[in-house]
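My numbering puts the sequence shown at residues 211 to 545.
What follows is one structure encoded as C-alpha cells, with my remarks underneath.
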Amino acid sequence: MINHLITQKNWQTQLSEAITSVDELLSILELEDLKSTTYFPKHFVLRVPRAFVAKMTVGDGNDPLLRQVLPDEQEQIKVTGYVADPLAENSHNPVKGMLHKYESRVLLTLTSACAIHCRYCFRQHFDYSANMPTATAQADIIDYITANPEINEVILSGGDPLNVTNRRLFAWLEILEAIPQLTIIRLHTRLPIVIPERLDDELIMRLAKSRCQIVMVVHCNHANEIDETTARALNKTRLAGITLLNQTVLLSGINDSTAVQVALSQRLFSAGVLPYYLHVLDKVAGAAHFDSDEHSACTLYWSLLAALPGYLVPKLVRELPNRPFKVPVDIYKSS
Ligand SMILES: *Cc1c(COP(=O)(O)O)cnc(C)c1O
Ligand code: SF4
C-alpha cells in the first residue's frame, strides 16, 4: 500500500489527476526495469487513477492490479481470432448510442470516457464518436422504447456512465423515469471501484429516490481492488436500497486461480456486493495474452462450486455475437 497516494479529493479532481505517464507509474511503483517490455500505444493509452495505484504493491511487476492497466508489448501481437469488434455490436444499433441485443433491456452508451483503461477491454476499438446519443437521439431513444413494450429495463453504460456529471446523469434518469413501462434502471460502472468517492451523497440520494429499481453492476477483478474506502462506499450504497452486483473478467495470471476467485467473492460480499457474472474474455485484438483456455476456466469453476456458498458463485458466461443472452459456458464438457 502506498499511503501517500490515498486521497480525499473529490472524484472529478481524481479523474483529472489520473496517471497517464508510464514513466510516472513505474517510478511510483519502483519498477523502472519494466520499461523495456512496456508498450506505448497511440490510442487507448495508459490511464489509471491514483487511488487504484495505491492498492498496488510497490516493486511487484506481477501485481494483479498493475497488470490490468500497464500496456504490454504483447498487445501488438496479432493473433488469429482476436478482432476489433468481437461482439459484432455494430449490427445491433437501432438508434445512435443505443444497443438492443437482449429482449427486455436496452443499453445506452452515455459516454466513451472511462476513469481507467483496462487493457483487456472489449470496447477498446469501438467507434464511440459514431455511437454517442446526441440531443436528437434522445427523442429517438424514447420513441424506440415506447414502440417496443417488451423493454422494461435500461442499462446505462459506456465507457463509464458515472464518468458524466451528476447533472447530466440525473437528466437521463428523469427522462427514463418518465417512460411508464420502465421498471429498472441499471448502471454498469467501474468507477466505484477505482474512485470510490464517485459514490457521493448527492448521487446516492438521487438513486435512492428513483421510482425505478436501481441496480448497480460494478466491475472488479481482484479482492485487492476493494480497500476499506471502497468497501465503505459500496456498503453505503447498498444501505440506500440499491442492488449491487459485480462482473469480473477471467484474466490469465491475474484472477484465474481458485484462491483469488474465492477471496474476490468473499471480499465483494463483505462490501455488500453479490457476484453476478464471470466473463470468459471477449476475443478482442490485443488482449490474447489475457485469455485462458476454456478447459482451465471450467476446472476453475468446478473448484469454485465446491469452495463457495451458491450465492457467492458468479455465472460463468461467454458473450457470442448474435446470441440474445450471455451464454453459460458448458462446464460438463470438462467435468
Ligand atoms: C450484457 C448486456 C446486457 C445485459 O445482460 P444481462 O444478462 O441482463 O446482464 C444487455 N445488453 C447488452 C448489449 C449487453 O452486452
Ligand atoms: S472500465 Fe470497462 S469499459 Fe472502461 S476500459 Fe475498463 S473494461 Fe473497458
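The beta carbon of each residue, even a glycine, is placed where N, CA and C say it ideally should be.
Residue i: CB within 7 Å of a non-hydrogen atom of ligand 2
| i | result |
| --- | --- |
| G368 | yes |
| R277 | no |
| I351 | no |
| I326 | yes |
| C430 | no |
| R333 | yes |
Own chain residues within Cβ distance below 6 Å of residue i, not counting five before or after
| i | result |
| --- | --- |
| T439 | P406 |
| V404 | P259, F262, A325 and I326 |
Beta-carbon proximity check, residue i vs residue j, cutoff 8 Å
| i | j | result |
| --- | --- | --- |
| A498 | V289 | yes |
| M426 | I452 | yes |
| R315 | Q278 | no |
| V494 | P296 | yes |
| G482 | N434 | no |
| P274 | H432 | yes |
| P402 | V374 | no |
| L409 | A443 | yes |
| F500 | L455 | no |
| L235 | G269 | no |
| V470 | A517 | no |
Minimum Cβ-Cβ distance from residue i to chain D less than 8 Å
| i | result |
| --- | --- |
| N272 | Protein chain content of the structure displayed is limited to a single chain, and chain D is not contained in it. |
Spatial neighbours of residue i in its chain, beta-carbon cut-off 8 Å, leaving aside the 5 residues before and after
| i | result |
| --- | --- |
| F535 | Y312 |
| S467 | L510 |
| P281 | V232, T248, Y249, F250, P251, V255, L256 and R329 |
| A298 | P531 and N532 |
Contact set for residue i: own chain, Cβ-Cβ below 7 Å, skip 5 residues either direction
| i | result |
| --- | --- |
| S480 | A441 |
| S544 | H505, C508 and T509 |
| Q581 | What the structure shows of the chain is the stretch from 211 to 545, and residue 581 is not part of that stretch, so it cannot be assessed. |
Check: residue i C-beta below 7 Å from any heavy atom of ligand 1
| i | result |
| --- | --- |
| L461 | no |
| R400 | no |
| Y312 | yes |
| L491 | no |
The region 323-336 / the region 248-263 touching (three or more Cβ pairs under 8 Å): yes
Contact the region 388-395 vs the region 361-372: 3+ CB pairs below 8 Å: Taking a cut-off of 8 Å for Cβ pairs, the region 388-395 and the region 361-372 touch, as three or more such pairs fall below it.
Touch test, the region 384-391 against the region 349-360, Cβ-Cβ under 8 Å, three pairs minimum: yes
At least three beta-carbon pairs within less than 8 Å, the region 405-420 to the region 371-384: yes
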